[in-house]
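Contents: one structure, followed by commentary.
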Amino acid sequence: MNVIWFVILITGIVVAAFTGRIEAVTQGVLIGSKDAVMVSIGLVSIIAFWLGIMRIAENAGLVQGLAKLIKPLAHWLYPSIPADHPVMGSLVANMSANILGLGNAATPLGLKAMRELQYLNADSTVASDAMCTLLALNTASLTVIPATMIGLRMEFHSRSPAEIVGATIVATLVATSVAIFLDRIYRKRAARTFGGRA
């Protein structure tokens, strides 16, 4: 990925130099840097707000209630993980954070869950079923409250920043369904190919 970005950057500079538009590149870099800082500062307040809301929801038992609702689904999604294993808590917490649109919280929870799944993995050189499922679900997770996107839309003065909620729910529901379907298909195919190891 770094190589791709480097090539794009160098190509842009070379083309600008040959066409006499190097000042446009310089101006673009400066304006882009300024906009990035302004967007980041604007997002801090939005993220702080949503984290505050989530802390209230957590203290009110909403997050724990969501985790209880998700736990049976987690057992179905990760059949190779014992129900009482500590990693199940990390998996459920990751799923809950993704559903609530808290990508900043979901990422460390997902990394923790992946590290714990590695301890359960019989072959450390190959990703286990559960690890593949976690990656697929974390990438295409159902999101009910897209907090970060709402924050970005507010930062850019959208007239209705929350209007994407419905579309986000539909899009992420479809993505999650496809991810689960493909996970099961490839797991069955691997079980047939490798004689029992899905």
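Quick note on numbering: the sequence shown equals residues 1024 to 1221 in this note's numbering.
Don't be surprised by glycine CBs; every beta carbon is placed ideally from N, CA and C.
* To do: Given a cut-off of 8 Å, decide if Ala1202 and Ala1150 are closer than it, judged by their beta-carbon atoms.
  => no
* Helix, strand or coil for Leu1143 per DSSP? -> Note: Leu1143 maps to helix in three-state DSSP.
* Terminal residues of the continuous alpha helix (DSSP H) containing Glu1178? -> Ala1170 to Glu1178
* For the putative contact between Val1048 and Gly1035, defined by C-beta atoms under 8 Å, what is the C-beta separation to the nearest angstrom? -> 6 Å
* Just how far apart, CA to CA, sit Leu1165 and Glu1046? -> Near 44 Å, if we compare the C-alpha coordinates of Glu1046 and Leu1165.
* **Secondary structure, alpha helix (DSSP H): runs of 4+ residues fully inside the stretch 1104 to 1137** => With a minimum length of 4 residues, the continuous alpha helix (DSSP H) runs that stay inside the stretch 1104 to 1137 are 1110 to 1122.
* To do: Go ahead and pull the three-state DSSP assignment for Thr1162.
  => helix
* Asked: Does the stretch 1138 to 1158 come close enough to the stretch 1093 to 1111 to have 3 or more Cβ pairs within less than 8 Å?
  -> yes
* To do: Note down the Cα distance separating Gly1174 from Arg1078, rounded to an integer number of angstroms.
  => 18 Å
* To do: Could you pull the start and end residues of the alpha helix (DSSP H) that Arg1207 belongs to?
  => First-last of the alpha helix (DSSP H) with Arg1207: Val1188 to Thr1216.
* To do: State the Cα-Cα distance for the pair Leu1096 and Ile1122, rounded to the nearest angstrom.
  => Their backbone Cα atoms lie some 13 Å apart in a straight line.
* Please state if the CB of Ala1090 and the CB of Leu1125 are separated by a distance shorter than 8 Å. => no
* **Rounded separation between Leu1140 and Arg1044 - CA only** => 52 Å
* Asked: Roughly how many angstroms separate the alpha carbons of Arg1215 and Ala1059, rounded to a whole number?
  -> 49 Å
* To do: Starting from Thr1042, follow the alpha helix (DSSP H) in both directions and report where the run begins and ends.
  => Asn1025 to Thr1042
* Would you kindly work out how many angstroms separate the C-alpha atoms of Ala1136 and Ile1054, rounded to a whole number? => 39 Å
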